[in-house]
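Okay, structure first, notes after.
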Amino acid sequence: MNINFQTIAGNKNAEDSFRTGMDSDERIGMNAGKVTTAHGSAFAVDLDTSIFSNDAYAQRARSLDEISKMAENTDVLTQHNYMALLSNTMSEKDYSKALKDGFDIKNLNSSETVTILDKIKSVLLESGEEIVGYNDDLSTQKLAKITGSESFAMAIKKSFSENDIPLTQENIRAVAGAYEQVSNTPEPSDDAVKYMVLNNLRPTIGNMYFANHSTNGQSATGKGFYAQETGGYYAQKSEDYNWQQLDPQIDKVIEEAGLDTSDESSKANARWMVIQGIPLTAENLISLSEIRDIEFPISDAAAAQAMTAAISDGKKAYEGNLFDPTSNLEKAMKLVENTNKITDEAVKKTLTEGKELNLKNLIDVTQGKENSQNLFVVNEIKENDPKLIQARLQLEEVRLKMTVEANKNLLDSGFSVDTAPMQQLIDKLKEMLGNIASVSDDKQTAGAPVANSGNALRMLSLTVSRVNIISRGPADVSGALAGEFETATLSKISSVSENLAMKFKAAGQGYETMMTKPRSDLGDSMRKAFGNVDNILNDMGYETDEVNRRAVRILGYNSMEINEENFENVRAWDQKLKATIERLKPGAVLDLIREGKNPLNMTIEELSESLDNLMKDGENRDKNNSKKGEEKYSKFLYKLEKKGDITSDERASFIGIYRLFHTLKVTDHQAIGSVLKTGRDMTIGNLLDATRTQKTSRRGLDYTVDDSFGGLEAGESTQVKIDEQINSAFRFYSAQADIVYENLEPEKLMAAKPDNDTLLPDLASALLNAETDEQLEKEYCDEQVRQIRQMAGSKAAEGALNEMNLYDVEITYNNLEAMISNRRDRRTGTIWEKADELDDEDIKDELKDVTDLLGEENYEEIYKEKLANVSDKMSDILMNPEDTYIDFRAITLMQKQLSVMAKSSDRGSFEVPVEIDGSKVTMHITLKSDNSNISRMEASIQTFEYGRITASLYKQDGIINGMLTTSNSQSADEVEYLESLKKRMCEKLAETVENAGVDQTKIAILYNAQLQPTGVGTSANAMEGKTENNTDTGTLLKMAKAFVEAI
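Letter 1015 of the sequence shown, counting from 1, is numbered 1014 in numbering that gives the first Met the number 0, and no numbers are missing.
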């Protein structure tokens, strides 16, 4: 299955409230005794003394401005949908596919996650692929016991599997509750139908149930009168209706609703509305038609489809639409399909008949669904008519910009893609795509800067497309560009590959592709030449392996002389190109783009180096891409533990090999240069020896490569990049190391059985050809998804999300997990205790500085630097070859927590370790501005004996003011302790804070203080607000230091 990421972020619209969340389309207000003309041809009806008076059930209508603001609030929508996706709709299949495509779901932001997983789900739906074994963990019998119906259990299980929705516990509870409503929903009475139409309630499971039980069998039909706009004349009130006079107007409303005027049921519905005193508008008529078209009793299959569609859209199961049980994703896919089928004649016919130019009308005409009773020519349209030309251009622009994800995003926001005027739709699509211009060829984008998300996504699509062209193209390209690879960009390589492929196709010849086996239709002369390839390699003194044979064939394809220089050069570039292309998965491409790079404009060496840098700490550590190998190593260790037939010696050996190749990558393959310099064989043992002698630094290695390839020599922080003076041998072996790293799996290592004497190319070949244990892969993905669901669905998630938004911490799963842990550790201090357990003196010293240097000049930078140093030391521990038993999850969680702490400090939030009674706990310090725009410092710490103690201090008129609070109630011990604490704190404030008076009477004490949600009544960052009321950050942090020392 191939996923083409020509996509934009999609947002789901979830409605959480049972009542207020029901679809609230624009309503027509009516007042008793007043005639009102509504949209189009509408007849407002006064209902004398009917219990169904205008305000009997109607809810307040949202204004258009309110609806617009809701639709535009994409951040809130995306965040909600992201959490719904993590906790409810992401399946193990989704996670597995994302992982294979190089996406780390845990490290993607909310918008990217929604977009990518929506794309994966749409591809699954389009392919019609049956997901074998999906949702089989829960038996039909068990599900039937929960829902009370075996037939419904079978239906919901089938519908969930077809739509890639997992049967989580929350989803099971939701569908069970919704099914109970369905089971108690008979065909609605006229009163219930009237209630729904008057309140603009769509025919969802919940609305149908609520309407039936709200009306409770009441029935009262008011005597209505109709208003007919005929030169100001209004018909008088009457017991009877002049249908002959009303029918032309009724037909007009039916036509506006897009219904068939020849359909008697539509006319009957319209007349019923007039009799019942319901405003006859197109919107109300459509609403009534939808309700009446539902078949009762509701079948289990129909109920299951409606619930599945609702959950897929991020809604509640009871919000499933019984008339239209189709998810927005399915609708979006169908819109793309049908839009591409619209004919030029359909455009002309729509204009000729005077219909509005929108997708619904164009699709109806194309499919022959237009109203046969109302086909008439309004205007003769000629082929050169400007209106026709403009309409066709608009259609092409829509086709160019429309994607499944763009459609879904618009549908989720409440925008009607099919009925919106064409220009409005174009404007919305432009807005969705970041207002980027269409790119007609790669050259325009190859040198374009990464300016916005639209350009980034366009670049992602083009890059993946170009990588696929190279992958499927001729291996000949490695020889054709052998002398140009140092400067040839990815865009150029793909163009050359494409041209070569076209030449072979024109000549009716096959070719050996870059990433697959050699072609079988070589000419006689080529076969003869390749028949003695092993003899050629033996004469040249090279191993007769497939990599070397391939290099000889490429020389032959390009009619190049087979000599040592050409062989070394072509072999090295061929393997480098092959290894790099294999690594350029969509996820890796996105990572590069997020760093501001344009992959299309980079050389193979630059791409390889940039991909390696994603694995490093150092300069990348503050970015989401740092520690890129975390997910890979996590999976490696998981499979190592779960694969039962691995001995303890093999386990230690495999971990050692993993760490070796990880070290090679993050040190720019220095050990390979060292082995080449000494002239030894490139074996695993020699590489291990070389890595043990390396002098590493936190930010990597500085080195040069001499012209005669003497290997790496120590440099003095010159930061010379390896691709500047590299040679063929180094390039070849580093490419082999990349192949090994990409294929490091315990089951593959078991098949390869490497030892110290195994040559690097042999190991690369063995791992490349070994099979992956698909069952272990599935178990790993199942476990990851289980953890994600558990965390995202926890009660702690909401508070953590609020704090992340307050402090501008990017919404990713890793950051969410870290923030939840940080908030928990404010009560327990677990992170500092676990850090001490690592028994690393450097870590202890760095954390001691975090506390001791509080209040020093530029503390914000010191704080981040110290946390980064601790994280780097933890990375060293993870890859320590002497320690094969480490708590990988605990250490990586601590690293995530430190990263979130550093990011939060940019907005005035600091987590400082403080030792109390021999135990370390977290003091949470925040710098903020309150409603009076006075900046203040707030520091809280949890104590065993005195509860949560908080100091809130600010400087006003040169005097420090504030209060001390405790969560405990007032007692003699509490009073004594807090009074003494206040005295000590004031003494420390006088010593620490310059140019500020300290008066104990200005600091109050409050008992029984309740912990407020972070940010209540304040905005993060002390420097916000009026300048004259601001206290500098240094002063506020000195206040915090005084509180730390006092406590």
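Here a beta-carbon is modelled for each residue, glycine too, at the ideal position from N, C-alpha and C.
**Asked** Just curious, the beta strand (DSSP E) that V913 is in, first and last residue?
**Response** To locate residue 913, count along the sequence shown from 1; it is residue 914. S908 to I915 is the span of the beta strand (DSSP E), which, as asked, contains V913.
**Prompt:** Who are the Cβ neighbours of L480 in its own chain at under 7 Å, not counting the five residues just before and after it?
**Reply:** Reading the sequence shown from its first residue, position 481 is the one you call residue 480. Sequence-distant partners of L480 (beyond 5 residues in either direction) whose C-beta falls short of 7 Å from its own C-beta, in its chain, are A487, I492 and V495.
**Member of D292, D250 and D644 whose CA lies at the smallest distance from the CA of T280** = As a first step, residue 280 is located in the sequence shown; it is residue number 281 there, counting from the start. Among D292, D250 and D644, the Cα nearest to that of T280 belongs to D250.
**Request:** Would you mind stating whether I683 and T757 have Cβ atoms separated by less than 7 Å?
**Result:** Within the sequence shown, numbered from 1, the residue matching residue 683 stands at position 684. Within the sequence shown, numbered from 1, the residue matching residue 757 stands at position 758. Contact flag set, yes.
**Request:** Since I believe V192 is in contact with Y240 (beta carbons under 8 Å), could you give me their beta-carbon distance rounded to a whole number of angstroms?
**Result:** Position 241 of the sequence shown, counted from the start, is the residue given in the question as residue 240. Position 193 of the sequence shown, counted from the start, is the residue given in the question as residue 192. With a Cβ gap of about 19 Å, Y240 and V192 do not count as contacting.
**Request:** Could you give the DSSP three-state label for V997: helix, strand or coil?
**Result:** The count along the sequence shown starts at 1 and reaches residue 997 at position 998. In this structure, V997 counts as strand in the three-state DSSP scheme.
**Prompt:** Hey, L675 and P598: beta-carbon distance below 7 Å or not?
**Reply:** Start at 1 with the first residue of the sequence shown, and residue 675 comes out as number 676. Start at 1 with the first residue of the sequence shown, and residue 598 comes out as number 599. Contact annotation: L675 and P598 have beta-carbon atoms that are not nearer than 7 Å.
**Close Cβ partners of Q894 (< 6 Å) along its chain, the five nearest in sequence each way excluded** = Residue mapping note: residue 894 aligns to position 895 of the sequence shown, counting from 1. If we look at Q894 and ignore the five residues flanking it on each side, its Cβ neighbours are S870 and M873.
**Prompt:** With a Cβ-Cβ cutoff of 7 Å, do A455 and I592 count as a contact?
**Reply:** As a first step, residue 455 must be located in the sequence shown, where it is residue number 456. As a first step, residue 592 must be located in the sequence shown, where it is residue number 593. The answer is yes: Cβ separation under 7 Å.
**Message:** Between I362, T351, Y208 and L334, which has its C-alpha nearest V342's C-alpha?
**Reply:** One-based indexing of the sequence shown puts residue 342 at position 343. The residue asked about is misnamed: residue 342 is Thr in this sequence, not Val. Nearest neighbour of T342 by Cα position, chosen from I362, T351, Y208 and L334, turns out to be I362.
**Prompt:** How long is the line joining the alpha carbons of G854 and L1036, rounded to whole angstroms?
**Reply:** Looking up residue 854 in the sequence shown gives position 855. Looking up residue 1036 in the sequence shown gives position 1037. Straight-line Cα distance between these residues: approximately 5 Å.
**Request:** Use the C-beta contact count for H212: other C-beta atoms within 10 angstroms, 16 or more gives buried, fewer gives exposed.
**Result:** Sequence index remark: in the sequence shown, residue 212 carries index 213 (1-based). So H212 counts as exposed.
**Prompt:** Is it true that the region 570–585 meets the region 779–791, where meeting means three or more beta-carbon pairs spaced less than 8 Å apart?
**Reply:** Under the Cβ criterion (8 Å, minimum of three pairs), the region 570–585 does not count as touching the region 779–791.
**Request:** Can you say whether A37 is buried or exposed, counting buried as having 16 or more other CB atoms within 10 angstroms of its CB?
**Result:** Taking the first residue of the sequence shown as 1, we reach residue 37 at position 38. With a pLDDT of 37 at A37, under the threshold of 50, the predicted position of this residue should be treated as unreliable, though the coordinate-derived value follows. A37 is buried by the Cβ-count criterion.
**Request:** Consult DSSP for M878 and reduce its assignment to one of helix, strand or coil.
**Result:** In the sequence shown, counting from the first residue as 1, residue 878 sits at position 879. When secondary structure is reduced to three states using DSSP, M878 falls in the coil class, being assigned neither helix nor strand.
**Message:** Is it the case that the region 790–803 contacts the region 576–584, given that we only count it when at least three CB pairs across the two stretches are under 8 Å?
**Reply:** Put simply, the region 576–584 does not touch the region 790–803. Fewer than three CB pairs are less than 8 Å apart.
**Asked** Would the beta-carbon of R549 fall within 7 Å of that of V532?
**Response** For the purposes of this step, residue 549 is identified with residue 550 of the sequence shown, where counting begins at 1. For the purposes of this step, residue 532 is identified with residue 533 of the sequence shown, where counting begins at 1. No.
**Asked** What's the call for G205, buried or exposed, on a 16-neighbour Cβ count within 10 Å?
**Response** One-based indexing of the sequence shown puts residue 205 at position 206. Buried, because 16 or more other Cβ atoms sit within 10 Å of the Cβ of G205.
**Item:** Every unbroken alpha helix (DSSP H) inside the region 810–855 [4 residues or more]
**Value:** You should have 812–827, 829–836 and 840–851.
**Prompt:** Between T579 and L606, is the Cβ-Cβ spacing less than 7 Å?
**Reply:** On the sequence shown, position 580 is the one that residue 579 refers to. On the sequence shown, position 607 is the one that residue 606 refers to. Taking 7 Å as the Cβ cut-off, T579 and L606 qualify as a contacting pair.
**Prompt:** Is the CB-CB distance between T203 and Y178 below 7 Å?
**Reply:** On the sequence shown, position 204 is the one that residue 203 refers to. On the sequence shown, position 179 is the one that residue 178 refers to. Result no, Cβ atoms of T203 and Y178 do not sit closer than 7 Å.
**Item:** N- and C-terminal bounds of the beta strand (DSSP E) containing M962
**Value:** Position 963 of the sequence shown, counting from 1, holds the residue named residue 962. I958 to T965 is the extent of the beta strand (DSSP E) around M962.
**Message:** So, with DSSP's three-state summary, where would you put S470?
**Reply:** As a working note, residue 470 is residue 471 in the sequence shown. If DSSP states are grouped into helix, strand and coil, S470 belongs with the helices.
**Prompt:** When the Cα of F566 is compared with those of V588, E542, L589 and A587, which residue comes out closest?
**Reply:** Residue 566 sits at position 567 when you count from the first residue of the sequence shown. Answer by Cα proximity: E542.
**Asked** K381 and V364: beta carbons closer than 7 Å?
**Response** Sequence index remark: in the sequence shown, residue 381 carries index 382 (1-based). Sequence index remark: in the sequence shown, residue 364 carries index 365 (1-based). Cβ distance not < 7 Å, so K381 and V364 don't count as in contact.
**Message:** Suppose you measure from the CA of V1043 to the CA of T964; what does that come to, to the nearest Å?
**Reply:** The residue you call residue 1043 lines up with position 1044 of the sequence shown. The residue you call residue 964 lines up with position 965 of the sequence shown. Straight-line Cα distance between these residues: approximately 15 Å.
**Prompt:** Tell me, which residues are paired with S951 by DSSP?
**Reply:** The residue given as residue 951 occupies position 952 in the sequence shown. Answer is E937 and M962.
**Request:** Could you check which residue in E396, K96, E990 and I1004 has the C-alpha nearest to that of I948?
**Result:** Start at 1 with the first residue of the sequence shown, and residue 948 comes out as number 949. Ranking the options by Cα distance to I948, first place goes to I1004.
**Asked** Between K927 and F151, what straight-line distance do the alpha-carbon atoms span, to the nearest angstrom?
**Response** In the sequence shown, residue 927 corresponds to position 928, counting from 1. In the sequence shown, residue 151 corresponds to position 152, counting from 1. Their Cα atoms are separated by approximately 54 Å.
**Request:** Have a look at the DSSP bridge pairing and note the partners of I924.
**Result:** For the purposes of this step, residue 924 is taken as the residue at position 925 of the sequence shown. Assignment of beta-bridge partners to I924 by DSSP yields F909 and A938.
**CB contact flag (I1002, K987, <7 Å)** = For the purposes of this step, residue 1002 is identified with residue 1003 of the sequence shown, where counting begins at 1. For the purposes of this step, residue 987 is identified with residue 988 of the sequence shown, where counting begins at 1. The beta carbons of I1002 and K987 sit no closer together than 7 Å.
**Asked** Three or more C-beta pairs closer than 8 Å, one from the region 418–434 and one from the region 382–396: is that the case here?
**Response** Between the region 418–434 and the region 382–396 there are three or more inter-stretch CB-CB distances shorter than 8 Å, so the stretches are counted as touching.
**Request:** Give a yes or no on contact between the region 118–127 and the region 815–830, applying the rule of three or more CB pairs nearer than 8 Å.
**Result:** Taking 8 Å as the limit for Cβ pairs, the verdict is that the region 815–830 does not touch the region 118–127.
**Item:** Reduced DSSP category for G530 - H, G, I as helix; E, B as strand; rest coil
**Value:** In the sequence shown, counting from the first residue as 1, residue 530 sits at position 531. Helix.
**M82 versus A303, K314 and F159, residue with shortest Cα-Cα distance** = Translated into the one-based positions of the sequence shown, residue 82 becomes position 83. Comparing Cα-Cα distances from M82 to each of A303, K314 and F159, the minimum goes to K314.
**Asked** Assuming F107 and T811 make a contact with CB atoms under 8 Å, what is their CB distance in whole Å?
**Response** As a first step, residue 107 must be located in the sequence shown, where it is residue number 108. As a first step, residue 811 must be located in the sequence shown, where it is residue number 812. One point to set straight first is that residue 107 is Leu, not Phe, in the sequence displayed. With a Cβ gap of about 6 Å, L107 and T811 count as contacting.
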